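Undergrad:
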Amino acid sequence: MNEVNIVREGWLHKRGEYIKTWRPRYFILKSDGSFIGYKEKPDLNDQTSPPLNNFSVAECQLMKTERPRPNTFVIRCLQWTTVIERTFHVDSNEEREEWMRAIQSVANSLKMREQEEEEPMDMFGSPSESSLEEMEVAMSKSCSKTMSDFEYLKLLGKGTFGKVILVKEKSTGVHYAMKILRKEVIIAKDEVAHTVTESRVLQNTRHPFLTLFFHLSRERVFTEDRARFYGAEIVSALEYLHSRDVVYRDLKLENLMLDKDGHIKITDFGLCKEGITPDATMKTFCGTPEYLAPEVLEDNDYGRAVDWWGLGVVMYEMMCGRLPFYNQDHERLFELILMEEIRFPRNLSPEAKSLLAGLLKKDPKQRLGGGPEDAKEVMTHKFFITINWQDVVQRKLTPLFRPQVTSETDTRYFDEEFTAQTITLTPPDKYNSLDCEDPGQQAHFPQFSYSASIRE
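In the UniProt record's numbering, the protein residues as written are 1 to 456.
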């Protein structure tokens with residue numbers, strides 16, 4: 001095992017990614033590639049000082065620039081599944097050269113070490129990890145569905161990456177919402193990792209409330225009892241995801257739907273992050289601006305508490321009829337999220353105010369749900385005192401509103417802009433049928449059981 005040493009340390013000015021101010025950070029570069037930033041110079045004997053930034057310089061690219069300030073350098077590297085850039089500046093050209101040499105040296109050493117450790121084949125004849133993956137994909141393909149197995153009924157929605165269609169499986173008569181993705185757009189926009197994650201999370205999770213905007217937009221405000229019911233089902237779903245080391249990261253009204261019985265369904269798992277244990281953190285800036293947590297905006301590492309901030313925002317919308325922080329100017333919006341105190345309508349109960357204030361704490365460590373107990377902190381709050389959580393999971397609670405649908409094909413609650421359109425499924429230009437594959441594109445999506453390339 002290689003010993004981890006400090007290669008270089010010192011003060012750098014780091015530029016914020018979205019609130020573009022320069023922040024002084026004390027950075028430590030280590031031989032294992034970690035590049036860790038602190039607000040103050042840490043006492044290395046004291047392990048309690050948490051870093052604000054934790055990057056990796058493995059396989060990074062370095063660039064010099066004299067803008068927006070002299071003696072600036074940019075590190076481009078892979079964080080989780082996303083290519084990011086981080087911008088720094090120092091006081092002199094000499095100092096910049098020293099930092100860049102040190103970072104490049106660590107990156108080169110890591111690359112050499114990786115090449116030395118690589119073993120292209122198992123000398124004892126047992127299957128390698130890659131061949132096991134190939135076997136798994138081959139097994140899944142043997143029982144995969146094809147486009148001809150379904151009857152296409154109505155278009156439910158459409159976006160940049162594809163469309164969602166109401167379909168019926170011919171052999172069983174079961175109705176599904178089929179998501180059809182445009183692979184060339186996903187690849188071009190660097191969304192492959194998010195797409196693969198969504199597929200994997202949905203395959204590996206089983207919970208009654210995983211898959212309101214329309215209803216809230218009609219009624220403006222929900223009663224506290226109705227918000228409590230929806231909130232409890234969302235909490236139950238988040239507890240389940242967190243227990244499987246998955247953080248949802250994109251909780252918003254548009255991703256909350258109701259099933260035919262009036263229970264919550266959480267949709268759109270494209271921004272989920274897997275493998276997030278209680279102490280793990282993430283670094284990717286993602287989500288919808290109005291729902292972003294302060295720690296995401298401040299360009300700090302963040303963890304599961306971002307989901308409890310998201311819960312606070314959607315429950316505030318339900319009970320107050322508006323977003324807790326809003327401005328059309330995103331720079332001003334971000335300032336409000338970071339600095340503005342939360343305000344409540346007069347008619348809100350003390351219990352509801354307490355819950356929302358706890359969920360919308362700026363500091364994730366002080367936030368309700370942000371401690372080691374995670375969801376249990378939220379579940380034991382006095383706002384939910386009347387909730388039997390086992391009944392929530394077992395769908396025993398009676399919804400206060402049930403959609404007025406006459407059949408499984410009744411789409412009255414979907415936008416007529418989509419449902420009135422004719423369904424068109426056409427293959428890519430260079431193919432003549434829907435059941436086809438572009439090998440170049442399919443290499444990005446090996447774990448999808450059905451892999452025809454569809455586009456409109």
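All C-beta atoms, glycine included, are put in the ideal place defined by N, C-alpha and C.
All values derive from a computational prediction rather than experimental measurement.
Can you tell me which of R67, E377, E298 puts its alpha carbon nearest to the alpha carbon of L238?
TA: Counting from 1 along the sequence shown, the entry for residue 238 is found at position 238. Ranking R67, E377, E298 by Cα distance to L238 puts E377 first.
Undergrad: Does DSSP put residue 482 in a helix, a strand or coil?
TA: Outside the modelled stretch of the chain, which goes from 1 to 456, sits residue 482, for which no answer is possible.
Undergrad: Using 8 Å as the threshold, is the segment 310-326 in touch with the segment 338-355, meaning 3 or more CB pairs across them?
TA: yes
Undergrad: For the alpha helix (DSSP H) containing G358, list its first residue and its last residue.
TA: Along the sequence shown, read from residue 1 onward, the residue named residue 358 stands at position 358. Its alpha helix (DSSP H) spans residues 350-359.
Undergrad: What residue from V247, S243, E233, R244 has the CA that sits closest to M257's CA?
TA: As a first step, residue 257 is located in the sequence shown; it is residue number 257 there, counting from the start. Each of V247, S243, E233, R244 was checked against the Cα of M257, and the nearest Cα belongs to E233.
Undergrad: In the DSSP output, which residue or residues are listed as bridge partners for V296?
TA: Here the question's residue 296 lines up with position 296 in the sequence shown. Bridge partners of V296: none, in fact.
Undergrad: Assign H89 to one of two classes, buried (16 or more other C-beta atoms within 10 Å of its C-beta) or exposed (fewer than that).
TA: Mapped onto the sequence shown, residue 89 falls at position 89. With 16 or more other Cβ atoms within 10 Å, it is buried.
Undergrad: So, at 8 Å on beta carbons, what are the nonlocal neighbours of L400 in its own chain, with the 5 sequence-adjacent residues on each side left out?
TA: Counting from 1 along the sequence shown, the entry for residue 400 is found at position 400. Once the five neighbours on either side are set aside, the close Cβ partners of L400 are T223, D225, R226, F229, G262.
Undergrad: Please check the pair I75 and I103, which I expect to be a contact at CB under 8 Å, by giving their CB distance rounded to whole angstroms.
TA: The residue you call residue 75 lines up with position 75 of the sequence shown. The residue you call residue 103 lines up with position 103 of the sequence shown. Correct: roughly 7 Å between the Cβ atoms.
Undergrad: Enumerated in chain order, which unbroken segments of the beta strand (DSSP E) with a length of 3 residues or greater are wholly contained in the segment 46-80?
TA: Taken in chain order, the whole beta strand (DSSP E) runs of length 3 or more contained in the segment 46-80 are 53-56, 61-65, 72-79.
Undergrad: Looking at chain B, is there any beta carbon in it that lies within less than 8 Å of the beta carbon of T146?
TA: Annotation note: the requested chain B is absent from the structure, which comprises a single protein chain.
Undergrad: What is the rounded straight-line gap between the Cα of R67 and the Cα of D91?
TA: Indexing the sequence shown from 1 puts residue 67 at position 67. Indexing the sequence shown from 1 puts residue 91 at position 91. If I take the Cα positions, the gap works out to 13 Å.
Undergrad: Considering only residues of the same chain and omitting the five flanking positions on each side of P294, which have a CB-CB separation below 7 Å?
TA: Locating residue 294 in the sequence shown gives position 294, counting from the first residue. If we look at P294 and ignore the five residues flanking it on each side, its Cβ neighbours are I337, L338, K362.
Undergrad: Ends of the alpha helix (DSSP H) at R332?
TA: Along the sequence shown, read from residue 1 onward, the residue named residue 332 stands at position 332. Counting along the chain, R332 sits inside the alpha helix (DSSP H) bounded by residues 330-339.
Undergrad: Helix, strand or coil for I385 per DSSP?
TA: Here residue 385 refers to the residue found at position 385 of the sequence shown. I385 falls in the coil class under three-state DSSP.
Undergrad: Starting from E254, trace the beta strand (DSSP E) both ways and give me its first and last residue.
TA: In the sequence shown, the residue the question calls residue 254 occupies position 254. Per DSSP, E254 is not a residue of any beta strand (DSSP E), being assigned neither H nor E.
Undergrad: Decide if P50 is buried, meaning its Cβ has at least 16 other Cβ atoms within 10 Å, or exposed.
TA: Working through the sequence shown from its first residue, we reach residue 50 at position 50. Flag for P50 reads exposed.
Undergrad: Rounding to the nearest angstrom, what Cα-Cα distance links R304 and A375 in this structure?
TA: If you number the sequence shown from 1, residue 304 lands on position 304. If you number the sequence shown from 1, residue 375 lands on position 375. Rounded to whole angstroms, R304 to A375 spans 10 Å at the Cα level.
Undergrad: In whole angstroms, give me the CA-to-CA distance for D250 and S171.
TA: In the sequence shown, counting from the first residue as 1, residue 250 sits at position 250. In the sequence shown, counting from the first residue as 1, residue 171 sits at position 171. Looking at the two C-alpha atoms, the distance is approximately 35 Å.
Undergrad: What does a CB cutoff of less than 7 Å around M379 pick up in its chain, not counting 5 residues either side in sequence?
TA: Position 379 of the sequence shown, counted from the start, is the residue given in the question as residue 379. V235, W389.
Undergrad: Let me check you understand the geometry: is the CB of W309 closer than 7 Å to at least one non-hydrogen atom of the ligand NAD?
TA: Among the components of this structure there are no ligands whatsoever, and the ligand NAD is therefore not found.
Undergrad: For I6, which of E98, L29, E17, Y152 has the nearest alpha-carbon?
TA: Here residue 6 is taken as the residue at index 6 of the sequence shown, counted from 1. Relative to the Cα of I6, the nearest Cα in the group E98, L29, E17, Y152 belongs to L29.
Undergrad: Which residues bound the beta strand (DSSP E) around V7?
TA: Walking along the sequence shown from the start, residue 7 turns up at place 7. Unbroken beta strand (DSSP E) run through V7: 6-15.
Undergrad: Are the beta-carbon atoms of G371 and L311 separated by less than 8 Å?
TA: Here residue 371 refers to the residue found at position 371 of the sequence shown. Here residue 311 refers to the residue found at position 311 of the sequence shown. No, these two residues do not count as a Cβ contact at 8 Å.
Undergrad: Just the Cα atoms here: how many angstroms apart are T284 and I19?
TA: The count along the sequence shown starts at 1 and reaches residue 284 at position 284. The count along the sequence shown starts at 1 and reaches residue 19 at position 19. Low per-residue confidence applies at T284: pLDDT is 41, beneath 50, and the placement is therefore not dependable enough to give any value.
Undergrad: Can you give me the C-alpha to C-alpha distance between Y152 and L166, rounded to a whole angstrom?
TA: As a first step, residue 152 must be located in the sequence shown, where it is residue number 152. As a first step, residue 166 must be located in the sequence shown, where it is residue number 166. For Y152 and L166, the distance between alpha carbons rounds to 6 Å.
Undergrad: Taking DSSP's pairing of strands, which residues face I36 in a bridge?
TA: Translated into the one-based positions of the sequence shown, residue 36 becomes position 36. I28, N54.
Undergrad: By the DSSP assignment, the alpha helix (DSSP H) with K265 in it spans what residues?
TA: Walking along the sequence shown from the start, residue 265 turns up at place 265. Premise fails: K265 lies in the beta strand (DSSP E), 264-266, not in any alpha helix (DSSP H).
Undergrad: Just grab the DSSP bridge partners of W22 for me.
TA: In the sequence shown, counting from the first residue as 1, residue 22 sits at position 22. BP columns for W22 point to R15.
Undergrad: Between V221 and C77, is the Cβ-Cβ spacing less than 8 Å?
TA: Here residue 221 corresponds to residue number 221 of the sequence shown, with the count starting at 1. Here residue 77 corresponds to residue number 77 of the sequence shown, with the count starting at 1. In terms of Cβ geometry, V221 and C77 do not form a close pair [threshold 8 Å].
Undergrad: Measuring only the C-alpha atoms, how far is L155 from V164?
TA: On the sequence shown, residue 155 is found 155 positions in, with the first residue counted as 1. On the sequence shown, residue 164 is found 164 positions in, with the first residue counted as 1. The alpha-carbon of L155 is positioned some 6 Å away from that of V164.
Undergrad: Where P42 and R113 are concerned, what is the direct C-alpha to C-alpha distance, given to the nearest angstrom?
TA: Numbered from 1 along the sequence shown, position 42 holds the residue referred to as residue 42. Numbered from 1 along the sequence shown, position 113 holds the residue referred to as residue 113. So the two alpha carbons sit approximately 29 Å from each other.
Undergrad: I need the straight-line Cα distance from K260 to R402, nearest angstrom please.
TA: The residue labelled residue 260 in the question sits at position 260 within the sequence shown. The residue labelled residue 402 in the question sits at position 402 within the sequence shown. Between K260 and R402, the C-alpha separation is close to 7 Å.
Undergrad: Tell me which residues share the same chain as D32 and place their Cβ nearer than 7 Å to its Cβ, disregarding the 5 neighbours each side in the sequence.
TA: The residue labelled residue 32 in the question sits at position 32 within the sequence shown. V4.
Undergrad: Could you pull the start and end residues of the alpha helix (DSSP H) that S92 belongs to?
TA: The residue labelled residue 92 in the question sits at position 92 within the sequence shown. Looking at the DSSP string, S92 is not in any alpha helix (DSSP H), and its letter there is neither H nor E.
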